[in-house]
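Participant:
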Amino acid sequence: MIPLFARYPSLQAALPFVSLGQYPTPILDAAGLDPGGRCAALAVKHDGVSGTLYGGNKVRKLEFLLADALQRGHTEVLTFGGAGSNHALATAIYARELGLACNSLLIAQPNSYAVRANLLRALQTGARLQHFESMAALVAGTLVRAALNPLSGKAIPYFIPPGGTSALGL
Numbered sequence: 273m274i275p276l277f278a279r280y281p282s283l284q285a286a287l288p289f290v291s292l293g294q295y296p297t298p299i300l301d302a303a304g305l306d307p308g309g310r311c312a313a314l315a316v317k318h319d320g321v322s323g324t325l326y327g328g329n330k331v332r333k334l335e336f337l338l339a340d341a342l343q344r345g346h347t348e349v350l351t352f353g354g355a356g357s358n359h360a361l362a363t364a365i366y367a368r369e370l371g372l373a374c375n376s377l378l379i380a381q382p383n384s385y386a387v388r389a390n391l392l393r394a395l396q397t398g399a400r401l402q403h404f405e406s407m408a409a410l411v412a413g414t415l416v417r418a419a420l421n422p423l424s425g426k427a428i429p430y431f432i433p434p435g436g437t438s439a440l441g442l
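Residue numbers (my numbering): 273 to 442.
1. Indicate whether the contact test is met: 3 or more Cβ pairs, each with one atom in the region 360-374 and one in the region 390-399, closer than 8 Å.
2. Would you decide whether residue 322 is buried or exposed? Buried here means 16 or more other CB atoms lie within 10 Å of its CB.
3. Using the beta-carbon count (16 or more within 10 Å), is residue 406 buried or exposed?
4. Please report the straight-line C-alpha distance between residue 358 and residue 378, rounded to a whole angstrom.
5. Report the three-state DSSP secondary structure of residue 329 (helix, strand or coil).
6. Considering only residues of the same chain and omitting the five flanking positions on each side of residue 287, which have a CB-CB separation below 7 Å?
7. Give a yes or no on contact between the region 336-355 and the region 298-310, applying the rule of three or more CB pairs nearer than 8 Å.
8. What are the partner residues of residue 353, as DSSP defines its beta bridges?
9. Taking the beta strand (DSSP E) that residue 400 belongs to, which residues open and close that run?
10. For residue 356, which residues from the same chain have a beta carbon less than 6 Å from its beta carbon, with the 5 sequence-adjacent residues on both sides left out?
11. For residue 296 and residue 315, what's the separation of their Cα atoms in angstroms?
12. What does residue 431 pair with, by DSSP beta-bridge criteria?
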């Protein structure tokens, strides 16, 4: 049981949830990050080890968002981010694990090893990646897609906001 449900048991029945992570994650002493010694104590939560498939703070959000998508009967999720988005990659990995198709609408980002690695790994999950040169083009593409899906007989995908940040994604 996750700490949120342990502390607030009534939420367990009210919120969709699927376990994707391994908790609790360690808290590391980070005093060395304060070279001026101004902090009495400094610690960092190490969520990078939260998942066996992919770690990071996005796993916690996806436990609620992907569970909601499944509970609502969706078979596909749609998310957004920069070309090398860790969120888009985490969504692709965990959507696949749960049997959901994943589409990521991505805006241009400076080319780097990390961006290329995330794009390649997302492609390996089977996610559909669509590239847009600007945020305006991405928004227009999203609206067109939302309008065309029902017209072509396709279901509207479950929308996951950039970074998974929402009331449900905490």
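In this text, a Cβ means the ideal position worked out from N, Cα and C, and glycines have one as well. All values reported here derive from a predicted model rather than from experimental measurement.
Facilitator: Looking at the coordinates:
1. yes
2. buried
3. exposed
4. 11 Å
5. coil
6. 336
7. no
8. 378
9. 400-404
10. 381, 386, 387 and 390
11. 15 Å
12. 350
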